[in-house]
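Keeping their order, the protein sequence lines are chains A and B. Counted from 1, the first sequence has number 42 at position 26 by my numbering; the numbering is strictly sequential. Counted from 1, the second sequence has number 312 at position 296 by my numbering; the numbering is strictly sequential.
There are 2 protein chains.
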Amino acid sequence: MEDIARAAGVSTATVSRALNKPDSVSGELRRKVTSKVRELGYVPSGAARALASNRTFTVGAVVPTLNNAIFAASIEAFEETLSKNGYTLLVTVSNYDPTHEVEQIRRLLEREVDALMLVGLDHHDDAWRLVERSGCPTVAIWGHAKNPAIPCLGFDNASAAAHAIDHLVELGHRRIGMVAGISDGNDRARARRRGVERALKRHGLPVDAGLFTERPYSHNDGRAGFAEVMDRNDPPTAIMCGNDVLAMGVLFEARDRGIAVPAELSVIGFDNLPITEQLSPALTTIQVPSVAIGTASANAIVAHLADGSPIHSQTFDAPFVLRGTTRAVP
Amino acid sequence: MEDIARAAGVSTATVSRALNKPDSVSGELRRKVTSKVRELGYVPSGAARALASNRTFTVGAVVPTLNNAIFAASIEAFEETLSKNGYTLLVTVSNYDPTHEVEQIRRLLEREVDALMLVGLDHHDDAWRLVERSGCPTVAIWGHAKNPAIPCLGFDNASAAAHAIDHLVELGHRRIGMVAGISDGNDRARARRRGVERALKRHGLPVDAGLFTERPYSHNDGRAGFAEVMDRNDPPTAIMCGNDVLAMGVLFEARDRGIAVPAELSVIGFDNLPITEQLSPALTTIQVPSVAIGTASANAIVAHLADGSPIHSQTFDAPFVLRGTTRAVP
DNA sequence: TATTAGTATGTAAGCGCTTACATCGCAAGG
DNA sequence: CCTTGCGATGTAAGCGCTTACATACTAATA
């Protein structure tokens, strides 16, 4: 920076100003400085800037995984919006491990991110403590609660899942099973399952624990969950799934077992991954606004960082997407 | 840090040493310091550390997109390995736009990443210039070349694609089409296409430009590409695709048109996404070692940063995966 | 006992910026 | 003509660490 200052015949303060608040510098000097910057290929030091200004223009995110199109899409939208506003994204993966998440948060905090994005509201006590002590502005995407500890940009997983059950009941289904995600440490998966159970009760239907199973996140887990639920004496006529990947696993297993969907069995997913509409029959599912959430949370963070405007929780719609895998009970 | 030093009755230098090179501090002091650190909830400032030590323990990556399971998987593996070694990942998306990529690289360089990961070897001149001037260790994943400007951890796209063509020719196919990715600015897509064309020539088959089409990356692009190629007078009996998503698009369109795969048409993909083995028939494709590449490049970077060991280019296998969408020509 | 080598610790000089404050020049108003 | 005020610029003090160097101490050796 000194080189630039010398070459342009100004002080380093002017160089700094010309680069950061161009309006506060006369046109002539500004031009001189920027031309020297280009000429000498000067790249400012983010570390020095961060140290001096206490801002890194960096935002951290901890996601459970990137191997899930829904998170990947959300993160991509998040990054795009941050990038447009001059911020860079530090991404970290927790692998659904709360303890590991704490480590990742600590690391991001050490990097002095200007803000933090977490997925959901289920976090280790230490995670909450860290976030609170640091004072780092933090949002929870996918989260949804009455009075959340931090702003949530998400949707109501429980009622979205409940709507799907309403639909099945309307179609005459009485024995409804669920291949859910692992709900331990995962408020989204838990809410979806709870929504299903509540809807069942509301309709006066029994909640048969034997019809519910929880599985991790892969096609084969969906297949295995389906197998477990169907290999009972009295199998369900419809299956609600914790997400689309599990639902596709169910579909694949049903296909291999010669069970016709939707003629003999109805299936509903959750997420609305792009591929689900291409399947035949196309998957009935629930649309998760992943891109909208990513964009909105980035915008909220950017605005907050720019002028301190508060980050408000936002609830998005997660509409039911009626397609071909549901039909009246035979 | 001064607070810690005072509380532990030592100098800040000892605190720093206790934290960074525990071995150089006596057990007693080390314990005292770490206990005070915990007690006071001290989190070191990454910016100050970076400024003083000229290391950020941060690695930058520019990927074309995260909405592609193959990149997402690679990045996840990359992040996991970096994380294990104390590094944090700065992720940035170029959207396949070379100019935007330059901006992203510049931003990462300003953040003073210790190393940089790029996808492929097709980059804007300014990108190369930036990387070179900065002296930042940089690797190209997915890349493959005789004497690359920077270390490549990738595989030979051209010969992998060629093998697939060999297989089709063995099965008696003579009219072979291709729904390729956009090759402009994308060395991987270009290499796959070139590999196909060369293999065709090698087998004495004509390269009919009308049988080749390039499309972006979505199921519907695959469908459209397929439609274009099939709506000719003399449609191909087999179609090679630039990636699995395009291949699935082809499969979906074929299904909707009542074209039986593989009885009437053979299809080959590229990537081996998890879902391709679940389809019925399962997709014949080429396995891209995305996780291995992510892990290996992170390891190479970490080693280089630790002791200066050179980063060697590595060529991975991209084996042909024979499944159900290919069959002898009718 | 004197010397040496080695280890543990402290001192303090930066790292490359930002920014509060001081200074300067100039136009407008009295 | 002298003030006053304001915008443009310069000066220099940190920001919170790391680390070269100096120092103090210990133990081994002659």
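A virtual CB, placed ideally from N, CA and C, is assigned to each residue, including glycine.
Within chain A, the residues whose beta carbon sits less than 9 Å from that of B:T72 are G62, A63, R127, listed in sequence order. The beta carbons of B:S27 and B:A34 sit about 11 Å from each other, so the pair does not count as a contact at 8 Å. Per DSSP, B:T341 lies in no beta strand (DSSP E) segment and is marked neither H nor E. Per DSSP, reduced to three states, the secondary structure at B:V245 is helical. Among the residues facing chain B, A:H235 is included, as its CB has a counterpart in that chain under 8 Å away. Against chain A, the CB of B:T104 has a partner CB under 8 Å away; the residue lies at that interface. A contact between stretches requires three or more CB pairs, one per stretch, nearer than 8 Å, and the segment 325–345 of chain B meets this requirement with the segment 149–168 of chain B. In the three-state reduction of the DSSP assignment, B:F87 falls in the helix class. B:T341 places its beta carbon less than 8 Å from that of B:V283.
Annotation: Cβ neighbours of B:N83 in chain A (cutoff 8 Å, chain order): A85, A88, A89, E92. Closer than 7 Å at the C-beta level to chain B, one finds these residues of the segment 271–299 of chain A: R271, P290, I291, Q294, S296. No Cβ-Cβ contact shorter than 8 Å links B:R239 with B:G197. Nearest to B:S90 by C-alpha distance, out of B:R343, B:G324, B:A243, B:S313, is B:S313.
With respect to chain B, the C-beta atom of A:G258 has no partner C-beta closer than 8 Å.
Assignment of beta strand (DSSP E) within the segment 306–342 of chain A, counting only whole runs of 3 or more residues, yields 330–332 in chain order. Taking C-beta atoms as the reference points, B:I255 and B:G193 count as a pair closer than 8 Å. B:M17 and B:V59 have their C-alpha atoms spaced approximately 9 Å apart. If only complete runs of 3 or more residues are kept, the segment 210–286 of chain A shows the beta strand (DSSP E) at 228–231, 254–257, 282–284, in order along the chain. Cβ contact annotation for A:G310 (same chain, cutoff 6 Å, sequence separation greater than five): S90, A93, F94, in chain order. Just so you know, the alpha carbons of A:G57 and B:R127 end up roughly 16 Å apart.
The contact set of B:V109 on chain A, defined by CB atoms closer than 8 Å, consists of E92, E95, E96, S99 in chain order.
The segment 145–158 of chain A makes no contact with the segment 182–192 of chain A: fewer than 3 CB pairs, one atom from each, lie closer than 8 Å.
Contact of A:L67 with chain B is assigned, a C-beta pair being separated by under 8 Å. Runs of the alpha helix (DSSP H) lying entirely within the segment 79–149 of chain B and spanning at least 4 residues, in chain order: 85–100, 114–126. In the structure shown, A:V195 falls within a strand segment according to DSSP collapsed to helix, strand and coil.
With a threshold of 16 other beta carbon atoms within 10 Å, B:D333 falls short and is exposed. For A:F73, no pairing in a beta bridge is given by DSSP. Only R145, L146, R149, S150 from the segment 138–161 of chain B bring a Cβ to less than 9 Å from some Cβ of chain A. Interface with chain A (8 Å Cβ-Cβ cutoff): B:R218 is excluded. With fewer than 16 other CB atoms across the displayed protein chains lying within 10 angstroms of its CB, A:T115 is exposed. Of the other Cβ atoms in all chains shown, fewer than 16 fall within 10 Å of the Cβ of B:A322; this residue is therefore exposed. Annotated as proximal: A:G188 and A:A344, with beta-carbon spacing under 8 Å. For B:T50, there is no enclosing beta strand (DSSP E); the residue is found in the alpha helix (DSSP H) stretching over 43–56. For B:L338, the CB contacts under 6 Å within the same chain, skipping 5 residues up- and downstream, are T300 in chain order. Distance from the Cα of A:E117 is smallest, within the candidate group A:A165, A:I302, A:P80, A:E148, for A:P80.
DSSP places A:I181 in the uninterrupted alpha helix (DSSP H) bounded by 173–186.
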